[in-house]
Amino acid sequence: MTRRILALVPLGDPAVSDPCAAIAAAADVAARHGLRAGAMLLGTASDIDTAAAQAAREGAVEIVLATHRASDDPPLVEHLLASFAHLLAEDEDALLLLLPGGAVGEELAARLAARIYAVPLGRCNALALDGHTVTAHRATYGGRAELVVETDAPRCIAVLRRPMETPPAVAAPTVTRVELDIPLPQDVPQPMIQPAAADRPRRVDAARLVVSGGRGMGGPDGFAQLHELAALLDAATGASLPAVDAGWASVSQQVGQSGAFVAPDLYLAVAMSGTPQHLAGIALRSRIAAINSDPEADIFRVAEIGLAAPWQEVLPRLIEKIRDG
Amino acid sequence: MEIVVLLAGVVDPKWRLERLALRAGGEQPDETGLPYRLSPFDEAALETALKLRDADPAIRVTAVIPGDAARDPLLRAVMALRPHRVFRFDTAGAPLWDPHAATRLLAAAVDAAAAAGLVLMGREFGDGDDGVLPPLLATARGWTFCGQAHALALADGAIVAHRMRGPREEAIALATPALVSVTNDRSNRLRHPLMKNVVLTRREPIEIVTMPADAGPIALHARSLAVVPPPQRGAGACRMLEGPLDTQIAEMATYLRDWRDGASR
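Respectively, the protein sequence lines represent chains A and B. In terms of my numbering, the first sequence is residues 871 to 1195. In terms of my numbering, the second sequence is residues 46 to 310.
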């Protein structure tokens, strides 16, 4: 039996920055194996049609549009889980299910794996199909090593990033609409949304430019200057794990293997060494500029342009230059 | 309430891995001679448990480290922080690559610890996990799950988890039993042990609990493991700015302005 490749797309949660990335990833895997990609979109009546058009643009040949009237805004993971599990319950095909990256997609992938007894492959760099076998390449040891795993299980779930090249759009996909009326779990704790702080940092995972600081910033003062520079550049401020650990930036700003995955046009790395763990969170297509006092720092091996000097001497003058235009 | 903290340990992230492979004829990684430490997420989970214990003396904390004897130095480091109980759940070299098999093993480890009201784990569990195991374990056991919390607090007898979820900060009152995966944050940096406790633990025996003989079927098999160089990126060699510092800064400012204004796209 041929394995179907199906993207599962949760809509309506701003925490999922690029939900349709899973469709592009599915189309990319399918095209490399002479298969067709499907997409199952779960949303509300107001967003589903727009998303359907995008699904076709991302390369989905078969599209299922599912809505549930009782879904919350933003939808609870437990409700997404119940709906996707219901939609997949009767599906007897061998499936490779793909979800978008990020906290929601990854949680959903793992929990759905338990619900429908699929093999979770985790966050994959590449997937290949050969007969019944699915082979997954995954980063391990903080991005320092690659693990290759295989399974013949009929159902697998993976998280896969948007491919470097956008797959061709599909002109006339088949579209099926499903209105769900299954009971959604009611014993789920409702998150209380905290009021947004006025100085909350801009989202790092959707920014076109990111200005990021590492352990070498040495304290919160340096991050205040990074924020100032970021504001002048219309950029978001990111941070490495040690900088977040030290309390100089919030966890939502953490970039890396264990933080946000960012794909800006330009990533300015200030006072960071350029560990594999950190670089794993920056898209390959993003250009990197670096400022570091150590001219031998690894970050200069991957940067396009570098300035070797202490940030304390550079940032104030750089801010002044940019402000003065 | 009983809190069980599952701690994985990782190969020291600062250690430059030269070589890594699966053991011949098996699926176990050969980590001979590599130094282990708690990951930042392990530390965050442990500190969160200790803070809850500090806030409520009725709370008991059991720390569990799955693995073989190579993890014993980690156990001693955790024992020095004085949770109520620490033990190694001897996995007899079973690899944890298959998440369902790993989940069965971790569930057995929790069962060996206590009737837990709250299970804490780092948001990633060891070097082979990228965040699958905590939600998989919680769902498999029917526990409430909260992912990537950075703080837990007691409020009117309930546990409230705080987390960032994309653009919003959430506070969630948890129904127990619950499993919370914890992410690193300034507020949960692991405390230092008292020197007297470090000395005491050197003489204390390590408790070892043996895992059940049958770990169940394995559906996901490791085929290779290797150190990989960072992927190539950029247009080639880095252009290092030269000349007086003011000139370099002016050039960097022009470069950044061009990106801001779209001139470099």
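Ideal Cβ placement from N, Cα and C applies to all residues, glycine included. Here the structure is a predicted model, which is why all the values come from computation and not from measurement.
Start-to-end residues for the alpha helix (DSSP H) that takes in residue i
| i | result |
| --- | --- |
| alanine 1102 of chain A | Checking the sequence shown, residue 1102 of chain A turns out to be leucine, not alanine. Here the alpha helix (DSSP H) through leucine 1102 of chain A covers 1090-1103. |
| alanine 926 of chain A | 918-927 |
| glycine 32 of chain B | The requested residue 32 of chain B does not occur in the structure, where chain B is confined to residues 46 to 310. |
| threonine 184 of chain B | 178-186 |
| leucine 958 of chain A | 947-959 |
| isoleucine 893 of chain A | 891-902 |
| glycine 975 of chain A | 973-985 |
| glutamate 92 of chain B | 85-100 |
Residue i and residue j closer than 7 Å at C-beta
| i | j | result |
| --- | --- | --- |
| alanine 891 of chain A | arginine 1032 of chain A | yes |
| alanine 1139 of chain A | isoleucine 1158 of chain A | yes |
| leucine 876 of chain A | proline 889 of chain A | no |
| alanine 1130 of chain A | cysteine 283 of chain B | no |
| asparagine 233 of chain B | glutamate 92 of chain B | yes |
| leucine 1188 of chain A | alanine 298 of chain B | yes |
| phenylalanine 132 of chain B | proline 111 of chain B | no |
| glutamate 169 of chain B | serine 1110 of chain A | no |
| serine 953 of chain A | leucine 999 of chain A | no |
| leucine 969 of chain A | leucine 878 of chain A | yes |
| arginine 993 of chain A | aspartate 175 of chain B | yes |
| valine 227 of chain B | alanine 154 of chain B | no |
| glycine 975 of chain A | valine 1029 of chain A | yes |
| alanine 260 of chain B | alanine 146 of chain B | yes |
| leucine 141 of chain B | valine 272 of chain B | no |
| alanine 206 of chain B | alanine 220 of chain B | no |
| isoleucine 1175 of chain A | glycine 1144 of chain A | no |
| proline 990 of chain A | valine 56 of chain B | no |
| proline 1037 of chain A | alanine 894 of chain A | yes |
Delimiting residues of the beta strand (DSSP E) encompassing residue i
| i | result |
| --- | --- |
| proline 111 of chain B | 105-112 |
| phenylalanine 134 of chain B | 130-135 |
| isoleucine 48 of chain B | 47-51 |
| glutamine 1182 of chain A | Per DSSP, glutamine 1182 of chain A belongs to no beta strand (DSSP E); it is in the alpha helix (DSSP H), 1181-1194. |
| alanine 1006 of chain A | 1003-1010 |
| isoleucine 1169 of chain A | Counting along the chain, isoleucine 1169 of chain A falls outside any beta strand (DSSP E), though it belongs to the alpha helix (DSSP H) covering 1169-1172. |
| asparagine 995 of chain A | 989-1000 |
| arginine 149 of chain B | Careful: arginine 149 of chain B lies outside any beta strand (DSSP E), inside the alpha helix (DSSP H) at 144-158. |
| leucine 1177 of chain A | 1175-1177 |
CA-to-CA distance, residue j to residue i, given in whole angstroms
| i | j | result |
| --- | --- | --- |
| glutamate 214 of chain B | aspartate 1091 of chain A | 24 Å |
| arginine 1072 of chain A | alanine 1094 of chain A | 14 Å |
| leucine 165 of chain B | valine 106 of chain B | 10 Å |
| glycine 167 of chain B | aspartate 87 of chain B | 5 Å |
| alanine 1006 of chain A | glycine 162 of chain B | 36 Å |
| alanine 139 of chain B | glutamine 73 of chain B | 7 Å |
| aspartate 230 of chain B | glutamine 1124 of chain A | 10 Å |
| valine 225 of chain B | cysteine 191 of chain B | 5 Å |
| glycine 919 of chain A | glutamate 1049 of chain A | Reading the sequence as shown, one finds aspartate at residue 919 of chain A and not glycine. So the alpha carbons of these two residues sit roughly 13 Å apart. |
| alanine 980 of chain A | glycine 971 of chain A | 12 Å |
| proline 884 of chain A | alanine 973 of chain A | 12 Å |
| threonine 1010 of chain A | leucine 905 of chain A | 29 Å |
| threonine 1044 of chain A | arginine 927 of chain A | 13 Å |
| aspartate 1075 of chain A | threonine 255 of chain B | 43 Å |
| leucine 79 of chain B | alanine 1133 of chain A | 33 Å |
| leucine 1154 of chain A | arginine 1025 of chain A | 30 Å |
| proline 1055 of chain A | methionine 910 of chain A | 21 Å |
| arginine 305 of chain B | leucine 286 of chain B | 20 Å |
| leucine 97 of chain B | alanine 183 of chain B | 20 Å |
| proline 180 of chain B | isoleucine 1027 of chain A | 14 Å |
| aspartate 963 of chain A | alanine 1023 of chain A | 12 Å |
Nearest to residue i (by Cα), restricted to the options the options
| i | options | result |
| --- | --- | --- |
| threonine 148 of chain B | A:Leu968, A:Pro970, A:Ala983 | A:Ala983 |
| proline 118 of chain B | B:Leu286, B:Thr246, B:Ile204, B:Met285 | B:Thr246 |
| isoleucine 48 of chain B | B:Ile204, B:Ala260, B:Gly192 | B:Ile204 |
| alanine 1179 of chain A | A:Ser1163, A:Arg1187, A:Arg1193 | A:Ser1163 |
| leucine 1136 of chain A | A:Pro1112, A:Ala1105, A:Ser1120 | A:Ala1105 |
| leucine 83 of chain B | B:His207, B:Pro128, B:Ala218, B:Pro58 | B:Pro58 |
| asparagine 90 of chain B | B:Leu151, B:Gly171, B:Leu51 | A small correction: the amino acid at residue 90 of chain B is alanine; asparagine does not occupy that position in the sequence shown. Of the listed residues, the one whose Cα sits closest to alanine 90 of chain B is B:Leu51. |
| glycine 1013 of chain A | B:Arg236, B:Pro276, B:Met46 | B:Pro276 |
| leucine 997 of chain A | A:Gln1056, A:Ser1122, A:Gly929, A:Arg873 | A:Arg873 |
| aspartate 1194 of chain A | A:Leu1099, A:Gln1060, A:Ser1122, A:Gly1144 | A:Leu1099 |
| serine 916 of chain A | A:Ala1113, A:Ser941, A:Ala1167, A:Leu958 | A:Ser941 |
| alanine 959 of chain A | A:Leu1102, A:Ala988, A:Ala901 | A:Ala988 |
| alanine 53 of chain B | B:Ala66, B:Leu151, B:His266 | B:Leu151 |
| glycine 71 of chain B | B:Pro144, B:Arg268, B:Asp101, B:Gly307 | B:Arg268 |
| proline 212 of chain B | A:Pro944, A:Leu1017, A:Ala907 | A:Pro944 |
Worksheet item: Do three or more CB pairs link the segment 1180-1194 of chain A to the segment 283-298 of chain B at distances below 8 Å?
Response: yes
Discussion item. Could you check whether the segment 242-257 of chain B touches the segment 123-139 of chain B, counting it as contact only if at least three pairs of C-beta atoms, one from each stretch, sit closer than 8 Å?
Written reply: yes
Discussion item. Quick check: the segment 988-1008 of chain A against the segment 947-955 of chain A, are at least 3 beta-carbon pairs closer than 8 Å?
Written reply: no
Fill in: Sufficient close CB pairs (3 or more, under 8 Å) joining the segment 249-261 of chain B to the segment 919-929 of chain A
no
Worksheet entry | Stretch pair the segment 1142-1149 of chain A + the segment 1114-1123 of chain A: three plus CB contacts closer than 8 Å | no
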